[in-house]
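Enquirer: Here this note's numbering is used: position 112 in the sequence shown is 308, and no number is missing along the way. Glycine residues also receive a C-beta, built at the ideal position from the N, C-alpha and C atoms. Computed from a predicted model, the values in this text were never measured in an experiment.
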Amino acid sequence: MPAAPSTAPVTVRLEKTANSALSELAEQTRQRLGQRCQDSADWTLLFDELGVELLGGADAPGHGVRAATRRLSRVSPRQPFARALGRQPRRIVDATAGLGEDALMMFALGHEVLVIERSPVACALLEGAALLGRFPFPVLFGDARELLGKLEPEVVYLDPMFPSKRRSSALPPKGPRYLAAVVGPDADAEQLLTVAQQVATDRVVVKRPDHAPSLTPAPRSRHEGKLVRYDVYAPVAPTEYEQTS
Ligand SMILES: C[S@@+](CC[C@H](N)C(=O)[O-])C[C@H]1O[C@@H](n2cnc3c(N)ncnc32)[C@H](O)[C@@H]1O
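1. Let's see if you can read the secondary structure: which residues bound the beta strand (DSSP E) around residue 313?
2. Are there 16 or more other CB atoms within 10 angstroms of the CB of residue 336, so buried, or fewer, so exposed?
3. So, for residue 302: in the same chain, excluding its five sequence neighbours on each side, which residues have a beta-carbon less than 8 Å away from its beta-carbon?
4. Residues bridged to residue 405 by DSSP?
5. Measure from the alpha carbon of residue 388 to the alpha carbon of each residue in 219, 380, 400, then state which is nearest.
6. Is the distance from the Cβ of residue 249 to the Cβ of residue 262 below 7 Å?
7. Can you determine whether any heavy atom of ligand 1 sits closer than 6 Å to the C-beta of residue 379, and answer yes or no?
8. By the 10 Å Cβ neighbour count, where 16 or more other Cβ atoms means buried, how is residue 198 classified, buried or exposed?
9. Ordered along the chain, which non-local residues of its own chain (more than five positions away) have a Cβ less than 7 Å from that of residue 296?
10. How should residue 244 be labelled, buried or exposed, when 16 other C-beta atoms within 10 angstroms of its C-beta is the threshold for buried?
11. In the structure shown, what three-state DSSP assignment does residue 331 receive?
12. Following a CB-centred definition, is residue 280 positioned closer than 6 Å to any heavy atom of ligand 1?
13. Can you find the residues in the same chain that come closer than 6 Å, C-beta to C-beta, to residue 305, ignoring five residues on each side of it along the sequence?
14. Measure from the alpha carbon of residue 422 to the alpha carbon of each residue in 433, 416, 403, 432, then state which is nearest.
15. Looking at the unbroken beta strand (DSSP E) that takes in residue 390, where does it start and where does it end?
16. I want to see whether chain B comes within less than 7 Å of residue 314, judged by CB atoms only; does it?
17. Please give the ranges of any alpha helix (DSSP H) in the segment 217-282, keeping only runs that are unbroken, at least 4 residues long and fully inside the region.
18. Under the three-state reduction of DSSP, which class applies to residue 336: helix, strand or coil?
See below:
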């Protein structure tokens, strides 16, 4: 399986105000980053009493990006997102967790959620939010292509990176913009979809920008929103070769 794309270099800054769980998370994040953890990088992960925040070069603390900031208000079951996931409460694995905003919406719709994230930076943001009670699901660090086979999801949800087509006059919000800059493109998303289809028992839902082609042809159905759409794929039984290899 090809290696994950490399994260941009990041400085890990631990403030004395961080509690012991956050201090441990800072140390774990340093280890996960390895050589990409540097003393004066363009990006900083700040661990303090408010959790974990990703700061760009010019950002003062409090003006960067945190995970799971969405207010958990009621999500309409008529939204394309809700219809794509299905009406019944399901066991969903969000295999591209990012900042955890979509996972929070799944939770608000009554689904059971577990998330996977392979970027040490995004994972630190999610685990920081979890430690402060803002993100009430298990977070697994690693590549979903390897971890999905150990889980038994009914639904796998995928939202791989896709380049924005907006011009600089209409920049995407800071969260997605910072995440894209630090994490880079997800060039292996098609492969992830193949694995997801072999593991999910009910469906795989793929979020795409409205201008993006489907990850692979012929989704079973499509649910169009204003700026994004959700392609729904049926499960596919693995071939005999894939089962034994
Ligand atoms: C566009 S972001 C997802 C945003 C997310 N839906 C949200 O609501 O914040 C894509 C994320 O998927 C992660 N990702 C992509 N491929 C992955 C894989 N094979 N395993 C684990 N994480 C993956 C990337 O690291 C990135 O953080």
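Expert: Walking through what the data contain:
1. If you number the sequence shown from 1, residue 313 lands on position 117. Per DSSP, the continuous beta strand (DSSP E) segment holding residue 313 begins and ends at 308-313.
2. Here residue 336 refers to the residue found at position 140 of the sequence shown. By the neighbour-count rule (16 or more Cβ atoms within 10 Å), residue 336 is buried.
3. Here residue 302 refers to the residue found at position 106 when the sequence shown is read from its first residue. Around residue 302, the same chain offers 281, 288, 290, 309, 353 as residues with beta carbons nearer than 8 Å, after the five sequence neighbours per side are excluded.
4. In the sequence shown, residue 405 corresponds to position 209, counting from 1. Looking at the DSSP assignment, residue 405 forms a beta bridge with 424.
5. Within the sequence shown, the letter at position 192 stands for residue 388. The shortest Cα separation from residue 388 among 219, 380, 400 belongs to 400.
6. Start at 1 with the first residue of the sequence shown, and residue 249 comes out as number 53. Start at 1 with the first residue of the sequence shown, and residue 262 comes out as number 66. Yes, the pair counts as a contact, with Cβ atoms nearer than the cut-off.
7. If you number the sequence shown from 1, residue 379 lands on position 183. Annotation for residue 379 indicates a beta carbon within 6 Å of some heavy atom of ligand 1.
8. Translated into the one-based positions of the sequence shown, residue 198 becomes position 2. Residue placement at residue 198 is flagged as unreliable, the pLDDT there being 48, under the threshold of 50; the coordinate-derived value follows with that caveat. Residue 198 comes out exposed.
9. By one-based count along the sequence shown, residue 296 stands at place 100. Within the same chain, residue 296 has close Cβ partners 263, 264, 311, 322, 325, 331.
10. Position 48 of the sequence shown, counting from 1, holds the residue named residue 244. Answer is buried; the Cβ neighbour count reaches 16.
11. For this step, residue 331 is matched to residue 135 along the sequence shown. The three-state reading of DSSP puts residue 331 in coil, since its state is none of H, G, I, E or B.
12. Stepping through the sequence shown from its first residue, residue 280 is reached at position 84. No - ligand 1 has no heavy atom lying nearer than 6 Å to the Cβ of residue 280.
13. Taking the sequence shown and counting its residues from 1, one reaches residue 305 at position 109. Taken in chain order, the residues that qualify are 271, 278.
14. Along the sequence shown, one-based indexing puts residue 422 at 226. Of the candidates 433, 416, 403, 432, 403 places its Cα closest to the Cα of residue 422.
15. For the purposes of this step, residue 390 is taken as residue 194 along the sequence shown, with counting starting at 1. Here residue 390 belongs to no beta strand (DSSP E); instead the alpha helix (DSSP H) covers 385-395.
16. The structure shown contains no chain B, having only a single protein chain.
17. Fully enclosed alpha helix (DSSP H) runs of 4 or longer: 276-281.
18. One-based indexing of the sequence shown puts residue 336 at position 140. Looking at residue 336 - three-state DSSP - the assignment turns out to be strand.
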